[in-house]
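Take a look at the structure set out below.
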Amino acid sequence: MNLDPILERLNAAQRAAVTAPLGPVLVLAGAGSGKTRVLTHRIAWLIQAEGVSPHAILAVTFTNKAAGEMRARIESLLGMPPGVLWIGTFHGIAHRLLRRHWHEAGLIESFQIIDSEDQQRLIKKILRAQQLDETRWVPREVQWFINSNKDEGRRAKHLKAGNDPIRAQMIRLYALYEEACALTGVVDFAELLLRAFELWRDQPALLAHYRQRFRHILVDEFQDTNTIQYAWLKLIAGEGGCPFVVGDDDQSVYGWRGARVENLQQFGRDFPALKLFRLEQNYRSTGTILAAANGLITNNSGRLGKTLWTSGDDGEPIRVYAAFNERDEAEFVCQRIREHVAHGGLHRDVAILYRSNAQSRVFEEMFLSARIPYRVYGGLRFFERAEIKDALAYLRLIANRRDDASFERVVNLPTRGIGAKSLETLRGAARAAGSPLWEAAQATIETDALGPKAAAALRGFLELIERLSAEVQGLALHEQVDRMLEVSGLIEFHKRDKADRGEARVENLEELVSAARGFQTDSLDTELPPLEAFLAHVTLESGEGQADAWEDCVQMMTLHTAKGLEFPIVFLTGMEDGLFPHQRSIGDLDGLEEERRLCYVGMTRAMKQLYLTYAEQRRLHGIDSYSQPSRFIKETPQELIEEIRPRLQVARPVASGRFARESSYDSVPVHRSSYGTPRSRAEPPIPGMRLGARVRHGKFGEGVILNLEGSGPQARVQVNFERQGTKWLVMQFANLEPL
Ligand code: ATP
Ligand code: MG
Numbered sequence: 002m003n004l005d006p007i008l009e010r011l012n013a014a015q016r017a018a019v020t021a022p023l024g025p026v027l028v029l030a031g032a033g034s035g036k037t038r039v040l041t042h043r044i045a046w047l048i049q050a051e052g053v054s055p056h057a058i059l060a061v062t063f064t065n066k067a068a069g070e071m072r073a074r075i076e077s078l079l080g081m082p083p084g085v086l087w088i089g090t091f092h093g094i095a096h097r098l099l100r101r102h103w104h105e106a107g108l109i110e111s112f113q114i115i116d117s118e119d120q121q122r123l124i125k126k127i128l129r130a131q132q133l134d135e136t137r138w139v140p141r142e143v144q145w146f147i148n149s150n151k152d153e154g155r156r157a158k159h160l161k162a163g164n165d166p167i168r169a170q171m172i173r174l175y176a177l178y179e180e181a182c183a184l185t186g187v188v189d190f191a192e193l194l195l196r197a198f199e200l201w202r203d204q205p206a207l208l209a210h211y212r213q214r215f216r217h218i219l220v221d222e223f224q225d226t227n228t229i230q231y232a233w234l235k236l237i238a239g240e241g242g243c244p245f246v247v248g249d250d251d252q253s254v255y256g257w258r259g260a261r262v263e264n265l266q267q268f269g270r271d272f273p274a275l276k277l278f279r280l281e282q283n284y285r286s287t288g289t290i291l292a293a294a295n296g297l298i299t300n301n302s303g304r305l306g307k308t309l310w311t312s313g314d315d316g317e318p319i320r321v322y323a324a325f326n327e328r329d330e331a332e333f334v335c336q337r338i339r340e341h342v343a344h345g346g347l348h349r350d351v352a353i354l355y356r357s358n359a360q361s362r363v364f365e366e367m368f369l370s371a372r373i374p375y376r377v378y379g380g381l382r383f384f385e386r387a388e389i390k391d392a393l394a395y396l397r398l399i400a401n402r403r404d405d406a407s408f409e410r411v412v413n414l415p416t417r418g419i420g421a422k423s424l425e426t427l428r429g430a431a432r433a434a435g436s437p438l439w440e441a442a443q444a445t446i447e448t449d450a451l452g453p454k455a456a457a458a459l460r461g462f463l464e465l466i467e468r469l470s471a472e473v474q475g476l477a478l479h480e481q482v483d484r485m486l487e488v489s490g491l492i493e494f495h496k497r498d499k500a501d502r503g504e505a506r507v508e509n510l511e512e513l514v515s516a517a518r519g520f521q522t523d524s525l526d527t528e529l530p531p532l533e534a535f536l537a538h539v540t541l542e543s544g545e546g547q548a549d550a551w552e553d554c555v556q557m558m559t560l561h562t563a564k565g566l567e568f569p570i571v572f573l574t575g576m577e578d579g580l581f582p583h584q585r586s587i588g589d590l591d592g593l594e595e596e597r598r599l600c601y602v603g604m605t606r607a608m609k610q611l612y613l614t615y616a617e618q619r620r621l622h623g624i625d626s627y628s629q630p631s632r633f634i635k636e637t638p639q640e641l642i643e644e645i646r647p648r649l650q651v652a653r654p655v656a657s658g659r660f661a662r663e664s665s666y667d668s669v670p671v672h673r674s675s676y677g678t679p680r681s682r683a684e685p686p687i688p689g690m691r692l693g694a695r696v697r698h699g700k701f702g703e704g705v706i707l708n709l710e711g712s713g714p715q716a717r718v719q720v721n722f723e724r725q726g727t728k729w730l731v732m733q734f735a736n737l738e739p740l
């Protein structure tokens, strides 16, 4: 049997792990050291060398995407499809089990999975039925109570309230929720795991069968398993099983969702025969990137401790870009991508990582106008999000009453008592009269086709749209959007939803106001009123630029989503205190350390080039903030950093430092990092004009200087005008007035 394809391109430590004798194994190693590779090769090894049937293997990955990739890798190693091998996420595998054994698991055959949003809707329904006040019994908190107990393996019946009446009520709600789920045959995410665990725990025959079958369980990203996942694993491995797990304590980033990094140590206690392997050579990143990540993570306490080195080159310095604002940040990234592509690089070499989904919008807009193909992973593209579509539907209806889809979308949103039946009546009337729903509605409210309540609600809705339409006349575009959000009740509606979800939606809606503010009409669209031009813009653009995975496009995702992946060029954006580390975590040591691990994850995604960018001023969720560069930049060894200034902002010449040399970036002078000390701004090339200064232009109004270029009569200045957007002007003709 030829085992060469499996063992070649593995170093000695990796090979030792891959070929370890059957028994419990833990591979504890840093980022990019080949843990996932070892796991994949181990599967091929088991099949080829140990003669294990693929039928006996259960592999757990962190995402479905990773599962797909792993399957493909194994296939190429074996030279044949691995067939019946089970590879999937914990949730995916639990689901599969429950589908097979729904009866033993106490479910109905056609049970449905509900996501977190549906789960909350159900909780609200229960609260209403119990006549409980949602401001006191916040649905999100009830949801958290239920899920975190499920994650710990506790049912309502296991919980004791003691003398705590609030806890007693929570437990009662948990029990009611369980009943409601059973009645309607739905299963939430946490329930999948708990139920799959209970299935094995309570059905000894079934457990024996699966223990017999899955002698080989392999788990990637083990540091992010929670209590119930671990308990499940222990159950199936039993005494004689051979769990093979790989992980890195420095990459544990789901503590907020119940993951327990302690499972790494617990594993050794529960499986005393455990063989521990450490991998120390990193194959992914340059020496500089590795040193930066290692330097950062030493600021965390209580680490298990690992060494990580590379035989590769030091490579290029870590580049830090201090953007003036979020648009400047996105422009910089765009420009670097263009340069990369101009030199023969691919778009898909580049990943843009951010802490929060809302940061993607500015990049998306910039990429669309620069015609750079991109793909956003996890999370919808901005204009496709439900709450944004709802808001756009209001705007569309203001612009055009005949828009039936928009009518349908918002006629009962926020809920105003126009149910499915009334809507059906309306549709019938519209069909009969051959008119749009709007007109049918106008006619119907004059008859008694609808009940009096529904008719009144519908009349209210029609009046609302008319009133809105009148009120926004003559307002600036972003004011129109703002007004609509207010008057329609959409903002209020999502605000009342106390879940994270509601908060995120309010933020996205505020982001829509920002988008409208920044919207510049194309020369082609100048005929259209701004609202119509804006609506055309978002519809035309929402389908474009979204390439599929196999196409060549820039990859955009949150840091959490990036776990396990790698890219030649990585931009860690929004590196500002308050954004990253997130405001919520700054005051809390554990939270801050988790954020730092997240930053470590982000940095170690980069193979060749790593950029850290931050904006001195950022408009996010409709609010301007001025923040300090992230402490994570300061914690990165400064000699590895090359600072890039905005174009032609003259900087000090520097003689020392590992990377104190001219950058290739449009001959932008470079100076050494100076975090912690106040930055000395260079002399402005044009008297009275400096970056960030406010100026007034006769035609364009007020704005802020983003860029200065050249000197004397040829000097050019880039100004971000509040109403007209960004423009380049020649100084001598611009007649700018400093404010
Ligand atoms: P992470 O902690 O980020 O999940 P990891 O430890 O799982 O990283 P892998 O993704 O398996 O690391 O490997 C990182 C990169 O190094 C991959 O591109 C992989 O193909 C490559 N690699 C790993 N081992 C070797 C090796 N022995 N020779 C050449 N390349 C290797
Ligand atoms: Mg990995």
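In this text, residue positions in the sequence shown follow our numbering: the first is 2, and each later residue adds one.
All residues carry an ideal CB built from backbone N, CA and C; glycine is no exception.
Remember, predicted model here, so these are calculated numbers, not experimental data.
Distance cut-off 7 Å: residue i Cβ against heavy atoms of the ligand MG
{"i": "T37", "result": "yes"}
{"i": "H239", "result": "Position check: residue 239 holds Gly in this sequence, whereas His was assumed. No, the beta carbon of G239 sits no closer than 7 Å to any heavy atom of the ligand MG."}
{"i": "G565", "result": "yes"}
{"i": "D221", "result": "yes"}
heavy atom of the ligand ATP below 7 Å from residue i C-beta
{"i": "S34", "result": "yes"}
{"i": "D10", "result": "According to the sequence displayed, residue 10 carries Arg and not Asp. The answer is yes for R10."}
{"i": "R285", "result": "yes"}
{"i": "Q610", "result": "no"}
{"i": "T559", "result": "no"}
{"i": "T64", "result": "no"}
Cα-Cα separation between residue i and residue j, rounded to whole angstroms
{"i": "A294", "j": "R304", "result": "14 Å"}
{"i": "S628", "j": "T574", "result": "14 Å"}
{"i": "R337", "j": "P530", "result": "35 Å"}
{"i": "L47", "j": "G80", "result": "15 Å"}
{"i": "Q360", "j": "L621", "result": "7 Å"}
{"i": "Q719", "j": "L730", "result": "6 Å"}
{"i": "D404", "j": "A181", "result": "38 Å"}
{"i": "E504", "j": "I167", "result": "24 Å"}
{"i": "A534", "j": "G452", "result": "39 Å"}
{"i": "M576", "j": "M604", "result": "12 Å"}
{"i": "D251", "j": "G154", "result": "26 Å"}
{"i": "Q510", "j": "I389", "result": "Going by the sequence as given, residue 510 is Leu instead of Gln. Going from the Cα of L510 to the Cα of I389 covers about 6 Å."}
{"i": "E594", "j": "F572", "result": "21 Å"}
{"i": "G490", "j": "F462", "result": "11 Å"}
{"i": "H742", "j": "V342", "result": "Since the first and last residues shown for the chain are 2 and 740, residue 742 lies out of range."}
{"i": "A17", "j": "T64", "result": "27 Å"}
{"i": "I466", "j": "Q121", "result": "30 Å"}
{"i": "R717", "j": "V705", "result": "14 Å"}
{"i": "T20", "j": "S626", "result": "54 Å"}
{"i": "L11", "j": "G35", "result": "9 Å"}
{"i": "L560", "j": "V602", "result": "7 Å"}
Coarse secondary structure for residue i, derived from DSSP in three states
{"i": "D329", "result": "helix"}
{"i": "G316", "result": "coil"}
{"i": "D271", "result": "helix"}
{"i": "S436", "result": "coil"}
{"i": "P630", "result": "strand"}
{"i": "D549", "result": "With a pLDDT of only 42 at D549, under the threshold of 50, the placement of this residue in the model should not be trusted, and no figure is reported."}
{"i": "N577", "result": "According to the sequence shown, residue 577 is Glu rather than Asn. E577 falls in the strand class under three-state DSSP."}
{"i": "N301", "result": "coil"}
{"i": "C554", "result": "coil"}
{"i": "A50", "result": "coil"}
{"i": "A450", "result": "coil"}
{"i": "I7", "result": "helix"}
{"i": "G89", "result": "strand"}
{"i": "K499", "result": "coil"}
{"i": "A378", "result": "Inspection of the sequence shows that residue 378 is occupied by Tyr rather than by Ala. Looking at Y378 - three-state DSSP - the assignment turns out to be coil, as it is neither helix nor strand."}
{"i": "I419", "result": "coil"}
{"i": "T559", "result": "strand"}
Beta bridge counterpart(s) of residue i as assigned by DSSP
{"i": "I570", "result": "V351 and Q610"}
{"i": "T727", "result": "N721"}
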